[in-house]
Amino acid sequence: MLDFPKWKIWAVTLPILIGILLAIPSMMSKEQAARLPSWMPDARISLGLDLAGGSHLLLEADAADAAKQRLAAKEEEVTTDLRRGDPKIEVGDVSTAGGRLSFMVREPAQVDTAVERMRALSQPVGLSGSRDWDVRVVDMTRVELIPTADGNKRALKDAMTVARDVVRRRIDPQGTKEITVINQGDRRILVQVPGVEDPEALKALIGQTARLEFKLVDLEADPNLVAQGRAPAGSQVLPMVDGGAIAVKRRVMVSGDQLVDARQAFDQDGQPIVSIKFNTAGARRFGRVTQENVGKPFAIILDDKVLSAPNINEPILGGQAQISGSYTVESAGQLAVALASGKLPVKLNVMEERTISADLGADSIKKGIIASIAATVAVILFMIVTYGRFGVYATLALIVNALLILGIMAVFNATLTLPGIAGFVLTIGAAVDANVLINERIREEVRRGRRVMDALETGYKEASTAIFDANITNTIAAALMFYFGSGPIRGFAVVLLIGIITSVFTAVNFTRMLVSLWVRKARPRELHI
């Protein structure tokens, strides 16, 4: 018991001092923390939605839209391969009806070649041997590509991963906000933004797919048929923002995927616009298309709605363009952010929304603090009355434990939620359990007539085994809650996990150091415990 050299003392004391320093900023207001010396750590605990107030959205992917976008992307890939491949294969009557892509090979002798080329474009899915597209021949000269269930599932999973990142970039372009954007299941994304109490603006920013496309207008389309929603083969009818409809070619000449910048600006008349800039490949393609179609109208399409269809008066070779319309400064800025953050690969629908006021969060914090203080005071009084000096040591361990929890949470920028406060209060009670086990074991050894040193040594040694066993089971339970849970469950699990580690450290190592130093100095002949 007396074998507690200086290196052990420092090994216990140094982490505690560091933890206390890390906890200090979280116990102060932001204004007070800003006045701390520069050498002090500035990491703070983030407050969750239920404490800081804000908006909660649960988004779900539109599976039908995902399948539609996948089909459109495949159509572009197939037509490009057939047109530019060697040998070139002439096709016609390209159709996406019935959720499958089909085309007619004009030269029957090239059907087998076309089938092989299409199979080469499909990819295996997992280890099952299935592919993402089935290819077959119907009516001798028509080739069909049918999306498989495994392929759709993998495509949706990939789309949801991309969508999560796009949503995060739209809400937090600079990466400095303390937001939560996580996938839930296969088709849902949970969004929590503390401090934002306007869910409508948030939904407008997130919900916009921002699928920007440039297509040529079909000048040969019959206006009467267009008014009825019918377009010639190879074209489609799209609504215009200012009313009416227009027929455009299905082929995308340039898309928003090739943008490198989008920002709000003003035109010569002082009207808000969105200025966009393409990457090298997009600029080259944009320049070639405008060069080949001078004098023809060019439709600018956003989320399947035609913003405008201006004539191409001259080639646009600089890789820059402008999107104009009835925009305000705010709406133009939101569109610029949406375009710059990338298009959503799938349409997201709002399934659930909640708004929590900051006043409710402040009230929760106040009640949580009261509960924590009341629990701590009650435990401290019990320990001191029951165990005397050893109760004081347990009290010091309890205070250090609380500070270490705050410090570790600050280091990892963890978010404190209302369930997290519940976990914090539970940890306080659980932390004392270890000291109770140690003190009762020491008391039992004293009753057996053991000497002071033997009683202390045996008490800590025998109790430590039970303490570690009990906390291993608690750790497993907390880890499972963290892995399988989400939101409030995870917040509770995080605090509980940290509390288990710190409580074992303070109850076993820290109190043992205090007892060792006292025994070394006082040399007591008997223990009053």
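Per our numbering, the sequence shown starts with residue -4, numbered consecutively. Glycine is no exception: its CB is placed at the ideal position from the N, C-alpha and C atoms. Small disclaimer: the values here were computed from a predicted structure and weren't measured.
query, result
"Within the segment 178 to 226, ranges of the alpha helix (DSSP H) (whole runs, at least 4 residues)", "194 to 202 and 218 to 222"
"Pro168 classed as buried or exposed, judged by whether at least 16 other C-beta atoms fall within 10 angstroms", "exposed"
"Counterpart residues of His51 in DSSP-defined beta bridges", "Gln187 and Arg349"
"Of the listed residues Asp449, Thr371 and Ala228, nearest to Leu421 (C-alpha basis)", "Thr371"
"Secondary structure of Leu343, DSSP reduced to three states", "strand"
"Beta-carbon proximity of Thr285 to Pro310, cut-off 8 angstroms", "yes"
"Backbone secondary structure at Asp464 - three-state DSSP", "helix"
"Segment limits, beta strand (DSSP E) that includes Leu96", "Leu96 to Val100"
"DSSP bridge partner residues for Leu297 (one or two, in chain order)", "Leu207 and Lys300"
"Alpha carbon of Thr470 to alpha carbon of Ile462, nearest angstrom", "12 angstroms"
"At least 3 beta-carbon pairs within less than 8 angstroms: the segment 397 to 411 vs the segment 3 to 22", "yes"
"Reduced DSSP category for Lys525 - H, G, I as helix; E, B as strand; rest coil", "Residue 525 is absent from the structure shown; the chain starts at -4 and stops at 524."
"Residue environment, Ser24, which counts as buried when at least 16 other CB atoms sit within 10 Å", "exposed"
"Close-in-space but distant-in-sequence residues of the same chain around Ala92 (CB under 6 angstroms, 5 per side omitted)", "none"
"Environment of Asp213 [buried if 16+ CB atoms lie within 10 Å]", "buried"
"Strand pairing of Thr531, partner residues [DSSP]", "No statement about residue 531 is possible, as the shown extent of the chain runs from -4 to 524 and does not include it."
"Exposure of His523, with buried meaning 16 or more beta-carbon neighbours within 10 Å", "exposed"
"Contact between the segment 327 to 336 and the segment 28 to 46 (3+ Cβ pairs under 8 angstroms)", "no"
"Per DSSP, cross-strand counterpart(s) of Met235", "Val301"
"Best match in Lys361, Lys272, Glu521 and Leu297 for proximity to Gly314 [C-alpha to C-alpha]", "Lys272"
"Exposure label - Val133; buried when at least 16 CB within 10 Å", "exposed"
"Bounding residues of the alpha helix (DSSP H) (the contiguous stretch that carries Ile433)", "Leu413 to Arg442"
"Limits of the alpha helix (DSSP H) - the one that Lys25 falls within", "Lys25 to Ala29"
"Coarse secondary structure for Pro10, derived from DSSP in three states", "helix"
"Residues of its chain near Asn274, where Cβ-Cβ distance is below 6 angstroms and the 5 sequence neighbours each way are ignored", "Gln253 and Val255"
"Closest residue to Ala278 among Arg258, Met22, Glu287 and Val249 (Cα-Cα distance)", "Val249"
"Pairwise C-alpha distance: Gly121 and Ile141", "18 angstroms"
"Residue(s) in a DSSP beta bridge with Leu142", "According to the sequence displayed, residue 142 carries Pro and not Leu. The partner list for Pro142 (beta bridge, DSSP) reads Trp128."
"Gly87 - DSSP class collapsed to helix/strand/coil", "strand"
"Beta-carbon spacing of Ser336, Arg164 below 8 angstroms", "yes"
"Segment limits, alpha helix (DSSP H) that includes Arg511", "The question names Arg, yet the displayed sequence has Ser at residue 511. Taken as a continuous stretch (DSSP letters only), the alpha helix (DSSP H) holding Ser511 covers Thr506 to Ala517."
"Option in Ile296, Ala226 and Gly190 with minimal Cα separation from Gly49", "Gly190"
"Proximity of Ala61 and Ala154 at Cβ, strictly below 8 angstroms", "yes"
"Sub-8 angstroms separation of Leu54 and Val186 beta-carbons", "yes"
"Asn408 beta carbon less than 8 angstroms from that of Leu38", "According to the sequence as given, residue 38 is Ala; it is not Leu. Yes."
"Identity of the residues DSSP links to Ser498 by a beta bridge", "DSSP, once it has assigned bridges, lists no residue as partnering Ser498."
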